[in-house]
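Novice: Numbered according to numbering that gives the first Met the number 0, the sequence shown spans residues 0 to 425.
Below you'll find the structure I mean.
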Amino acid sequence: MISEQRIQELNHSLQDDHQFRFNFLAEWLDRRGIAVQEIIDQVAAFQVAIPSWALGTGGTRFGRFPAGGEPRNLEEKIEDIGLLHRLNRSSDSISLHIPWDIPKDVPALQQLLAENSLTIDSVNSNTFQDQPDQPFSYKFGSLCHTDASVRNLAIQHNIDCINYGKALDAKTLTVWLADGSNFPGQQHFRRAYQRTAESLASIYESMPADWTMLIEYKPYEPHFYSMVIPDWGTSYSLCQYLGQNAQVLVDLGHHLPNTNIEQIVGRLLHFGRLGGFHFNGSMYGDDDLTTGSIKPYQFFLIFNELVDGMTDPAVKNPSLAWMIDASHNTKDPLEDLLQSVQSILTTYTKALLVNRVALSQAQEGNDVVVAEELLKDAFQTDVRPLVAEAMRQSGGALDPIAAYRAAHIREGLIQKRGKLSIATGL
Ligand code: LRH
Ligand code: MN
Ligand code: MN
0 MISEQRIQEL NHSLQDDHQF RFNFLAEWLD RRGIAVQEII DQVAAFQVAI PSWALGTGGT
60 RFGRFPAGGE PRNLEEKIED IGLLHRLNRS SDSISLHIPW DIPKDVPALQ QLLAENSLTI
120 DSVNSNTFQD QPDQPFSYKF GSLCHTDASV RNLAIQHNID CINYGKALDA KTLTVWLADG
180 SNFPGQQHFR RAYQRTAESL ASIYESMPAD WTMLIEYKPY EPHFYSMVIP DWGTSYSLCQ
240 YLGQNAQVLV DLGHHLPNTN IEQIVGRLLH FGRLGGFHFN GSMYGDDDLT TGSIKPYQFF
300 LIFNELVDGM TDPAVKNPSL AWMIDASHNT KDPLEDLLQS VQSILTTYTK ALLVNRVALS
360 QAQEGNDVVV AEELLKDAFQ TDVRPLVAEA MRQSGGALDP IAAYRAAHIR EGLIQKRGKL
420 SIATGL
């Protein structure tokens with residue numbers, strides 16, 4: 000759909016302006032003792048997984064407005080993610096949701112993945128919907144259910160997910176539970192927690208030793224009185240119960256308004272229990288907006304905490320799984336994903352610019368103003384030329400969204416797949 004040669008041609012027309020902006024910034028950073036190429040290399044190495052459920056328009060219960068040309072099966076989803084990766088060289092893996100995207104012809108999928116330089120990063124289980132011929136219902140919960148038959152069904156589904164993942168060389172199982180209650184008295188809090196812990200333990204025992212289980216929390220929705228795993232503390236306690244290979248997953252949209260997410264990130268890194276991220280943006284709750292579109296400064300503070308933890312030798316946290324988790328009704332989903340990755344990389348780059356030695360000195364000396372100014376200085380630096388340069392050096396587009404538009408990709412997809420094609424899954 001867009002060849003590497005076409006990407007180079009499009010880059011050529013932008014090269015002059017890019018070089019001018021890049022030289023200015025690189026010289027300025029160089030004067031301040033920052034190793035520019037090292038930053039570029041770190042940005043180029045940063046890869047974010049794309050969810051298989053974000054390639055079609057999402058919609059709400061009130062309506063859905065398809066973009067046209069949506070992928071109709073897993074193969075077409077892989078093609079779309081391959082396209083994103085060709086443009087930005089920063090989306091080299093896929094997060095799969097089962098049963099929305101059950102891998103059928105595994106050798107053919109493996110070949111397609113290899114052709115697109117992609118891997119499967121994690122498999123996500125789904126016990127929040129009943130499937131057509133399911134023998135028991137998840138209406139009153141899955142892993143927490145009062146009835147052992149329902150719990151066993153949900154456990155088996157997670158084990159099936161592990162097996163699908165094994166066939167495609169994934170190493171991560173992401174568990175998000177919709178379990179909870181809508182009315183006071185409906186659910187016994189302690190017993191529901193205990194049953195969940197035991198069910199998770201059965202899944203954990205079925206996981207290969209080199210796999211990680213990521214446990215996601217969410218304070219509300221689909222239940223509005225209580226959720227069994229509402230917060231990071233509950234996820235953390237379950238990880239402690241399960242063992243070393245269980246880690247907490249932070250979904251940026253799964254917090255009540257004004258929660259200090261950066262502090263949660265710092266805590267989890269301190270405990271060595273931060274396993275992964277679902278990036279998205281949030282105004283009210285789990286509204287899955289474009290990453291960084293609503294509170295860019297908070298997003299920067301989160302990345303500041305991540306970089307601080309990842310570069311501190313005292314922190315013993317495993318490497319993290321970076322994923323986007325968003326779904327849109329108004330934008331072309333592929334353009335939104337390009338914007339999201341761009342926003343993630345830009346924010347990461349800014350966090351890499353923070354002068355950590357000076358910040359630590361200011362913190363130890365209680366110099367509040369200097370500490371804050373050091374953060375603001377990095378946040379306010381326009382680092383876009385560094386991100387563009389990282390993409391250029393990796394063979395991607397200097398401006399992925401402009402390239403996507405210039406190559407008329409959506410129009411091509413509509414021609415190939417039809418105006419009314421609907422993506423499977425969300
Ligand atoms: C729940 C959630 C979870 C699901 C995805 C579709 O709100 O964030 O990660 O798997 O959405
Ligand atoms: Mn999520
Ligand atoms: Mn969510």
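For every residue, glycine included, the Cβ atom is placed at its ideal position computed from N, Cα and C.
Going by DSSP, what residues sit across from Leu273 in a beta bridge?
Specialist: Start at 1 with the first residue of the sequence shown, and residue 273 comes out as number 274. DSSP lists Val247 as partners of Leu273.
Novice: Once DSSP output is grouped into helix, strand and coil, what is the label at Met0?
Specialist: What you label residue 0 is simply residue 1 of the sequence shown in a count that begins at 1. Of the three classes helix, strand and coil, the one that applies to Met0 here is coil, per DSSP.
Novice: At a cut-off of 7 Å, would you count Asp366 as near ligand 1, judging by its Cβ distance to the nearest heavy atom?
Specialist: Here residue 366 corresponds to residue number 367 of the sequence shown, with the count starting at 1. False, no ligand heavy atom lies under 7 Å from that Cβ.
Novice: Enumerated in chain order, which unbroken segments of the alpha helix (DSSP H) with a length of 4 residues or greater are wholly contained in the segment 148-213?
Specialist: If we require 4 residues or more, the alpha helix (DSSP H) runs fully inside the segment 148-213 come out as 188-204.
Novice: Taking the straight line between their C-alpha atoms, what separation do you get for Thr171 and Asp366?
Specialist: Numbered from 1 along the sequence shown, position 172 holds the residue referred to as residue 171. Numbered from 1 along the sequence shown, position 367 holds the residue referred to as residue 366. One C-alpha to the other measures close to 42 Å.
Novice: Within 8 Å (strictly less), CB to CB, does Tyr224 reach chain B?
Specialist: Chain labels in this structure do not include chain B; a single protein chain is all it has.
Novice: Tell me the DSSP bridge mates of Ser121?
Specialist: Walking along the sequence shown from the start, residue 121 turns up at place 122. According to DSSP, which records beta bridges pairwise, Ser121 is partnered with Ser94.
Novice: Does the Cβ of Asp285 lie closer than 7 Å to at least one heavy atom of ligand 3?
Specialist: Along the sequence shown, read from residue 1 onward, the residue named residue 285 stands at position 286. Correct: Asp285 has its Cβ closer than 7 Å to ligand 3.
Novice: Does Pro106 come out as helix, strand or coil in the three-state DSSP assignment?
Specialist: As a working mapping, residue 106 is identified with position 107 in the sequence shown. It is helical.
Novice: Just verifying my parser: in three-state terms, what is the DSSP assignment at Phe61?
Specialist: Residue 61 sits at position 62 when you count from the first residue of the sequence shown. Coil, per DSSP.
Novice: Determine the closest residue to Tyr224 out of Lys103, Thr195, Ser198, Phe188, with distance taken between C-alpha atoms.
Specialist: The count along the sequence shown starts at 1 and reaches residue 224 at position 225. The residue with the shortest Cα to Cα distance from Tyr224 is Phe188.
Novice: Using alpha carbons as the reference points, say which of Leu412, Leu351, Val247, Asn257 lies closest to Ala34.
Specialist: By one-based count along the sequence shown, residue 34 stands at place 35. Nearest of Leu412, Leu351, Val247, Asn257 to Ala34, Cα basis: Leu351.
Novice: Would you list the residues sitting across from Ile101 in a DSSP beta bridge?
Specialist: Residue mapping note: residue 101 aligns to position 102 of the sequence shown, counting from 1. Paired residues: none, contrary to the question.
Novice: Ignoring anything shorter than 3 residues or poking outside the segment 300-338, list the beta strand (DSSP E) runs there in chain order.
Specialist: For the segment 300-338, whole beta strand (DSSP E) runs of length 3 or above, ordered along the chain, are 320-323.
Novice: Report the rounded CA-to-CA distance for Gln18 versus Leu9, giving the unit in angstroms.
Specialist: Position 19 of the sequence shown holds residue 18. Position 10 of the sequence shown holds residue 9. Distance between the alpha carbons of Gln18 and Leu9: 14 Å.
Novice: In angstroms with no decimal places, state the Cα-to-Cα distance between Ser284 and Val353.
Specialist: Numbered from 1 along the sequence shown, position 285 holds the residue referred to as residue 284. Numbered from 1 along the sequence shown, position 354 holds the residue referred to as residue 353. Note that residue 284 is Gly in the sequence shown here, rather than Ser. When rounded, the distance between both Cα atoms is 29 Å.
Novice: What is the chain-ordered set of residues for which the beta carbon lies under 5 Å from any non-hydrogen atom of ligand 2?
Specialist: Working through the chain, the matches are Asp250, His277, Asp324.
Novice: Which word fits Arg60, buried or exposed, when buried means at least 16 other C-beta atoms lie within 10 angstroms of its C-beta?
Specialist: Your numbering for residue 60 matches position 61 in the sequence shown. So Arg60 counts as exposed.
Novice: Can you list, in chain order, the residues of its chain with a C-beta nearer than 6 Å to that of His144? Leave out the 5 residues immediately preceding and following it.
Specialist: As a working mapping, residue 144 is identified with position 145 in the sequence shown. Closer than 6 Å at the Cβ level, and outside the excluded window around His144, lie Arg150.
Novice: What does the Cβ neighbour count give for Leu288, buried or exposed, with the cut at 16 atoms within 10 Å?
Specialist: Here residue 288 is taken as the residue at index 289 of the sequence shown, counted from 1. Label assigned to Leu288: buried.
Novice: For Glu372, does the three-state DSSP call read helix, strand or coil?
Specialist: Translated into the one-based positions of the sequence shown, residue 372 becomes position 373. Glu372: helix per DSSP, three-state reduction.
Novice: Report the rounded CA-to-CA distance for Leu28 versus Asp40, giving the unit in angstroms.
Specialist: On the sequence shown, position 29 is the one that residue 28 refers to. On the sequence shown, position 41 is the one that residue 40 refers to. Cα to Cα, the separation comes out at about 15 Å.
Novice: Taking Cβ positions, are Ile77 and Leu111 nearer each other than 8 Å?
Specialist: Sequence index remark: in the sequence shown, residue 77 carries index 78 (1-based). Sequence index remark: in the sequence shown, residue 111 carries index 112 (1-based). For Ile77 and Leu111, yes; Cβs fall inside 8 Å.
Novice: Could you pull the start and end residues of the alpha helix (DSSP H) that Ser234 belongs to?
Specialist: As a first step, residue 234 is located in the sequence shown; it is residue number 235 there, counting from the start. Per DSSP, Ser234 belongs to the alpha helix (DSSP H) from 231-241.
Novice: Under a Cβ-count criterion, where at least 16 other Cβ atoms within 10 Å of its own Cβ denotes burial, should Phe23 be classed as buried or exposed?
Specialist: By 1-based counting over the sequence shown, the position of residue 23 is 24. Classification of Phe23: exposed, given that the 10 Å Cβ count is below 16.
Novice: Should His253 be counted as a contact of ligand 3 given a C-beta to heavy atom distance under 7 Å?
Specialist: Residue mapping note: residue 253 aligns to position 254 of the sequence shown, counting from 1. At least one heavy atom of ligand 3 is nearer than 7 Å to the Cβ of His253, so yes.
Novice: Taking DSSP as the reference, what is the three-state secondary structure of Pro399?
Specialist: Working through the sequence shown from its first residue, we reach residue 399 at position 400. In the structure shown, Pro399 sits in a helix (DSSP, three-state: H, G or I).
Novice: How many Å lie between Ser336 and Asn181 at the Cα?
Specialist: In the sequence shown, counting from the first residue as 1, residue 336 sits at position 337. In the sequence shown, counting from the first residue as 1, residue 181 sits at position 182. Looking at the sequence shown, residue 336 is not Ser but Leu. Going from the Cα of Leu336 to the Cα of Asn181 covers about 34 Å.
Novice: Within the chosen definition, does the segment 96-104 reach the segment 354-361 through at least 3 CB pairs nearer than 8 Å?
Specialist: Output reads no: the segment 354-361 does not touch the segment 96-104.
Novice: In three-state terms, what does DSSP make of Phe278?
Specialist: Reading the sequence shown from its first residue, position 279 is the one you call residue 278. The answer is strand: DSSP assigns Phe278 an E or B state.
Novice: Just to check my reading of the structure: Leu344 and Val42 have Cβ atoms closer than 8 Å, yes? What is that Cβ distance to the nearest angstrom?
Specialist: Looking up residue 344 in the sequence shown gives position 345. Looking up residue 42 in the sequence shown gives position 43. Sure, about 6 Å apart at Cβ, within 8 Å.
Novice: Below 8 Å, how does it come out for the segment 257-264 and the segment 184-204: are there three or more Cβ pairs, yes or no?
Specialist: The segment 257-264 vs the segment 184-204: no contact.
Novice: Give me, in chain order, the residues of the same chain whose beta-carbon lies closer than 7 Å to that of Ile400; leave out the 5 immediate sequence neighbours on both sides.
Specialist: Within the sequence shown, numbered from 1, the residue matching residue 400 stands at position 401. Correct list, in chain order: Glu334, Leu337, Gln338.
Novice: What does DSSP give as the partner residue(s) for Leu288 in the beta ladder?
Specialist: For the purposes of this step, residue 288 is identified with residue 289 of the sequence shown, where counting begins at 1. Answer by DSSP bridge pairing, in chain order: Gly280.
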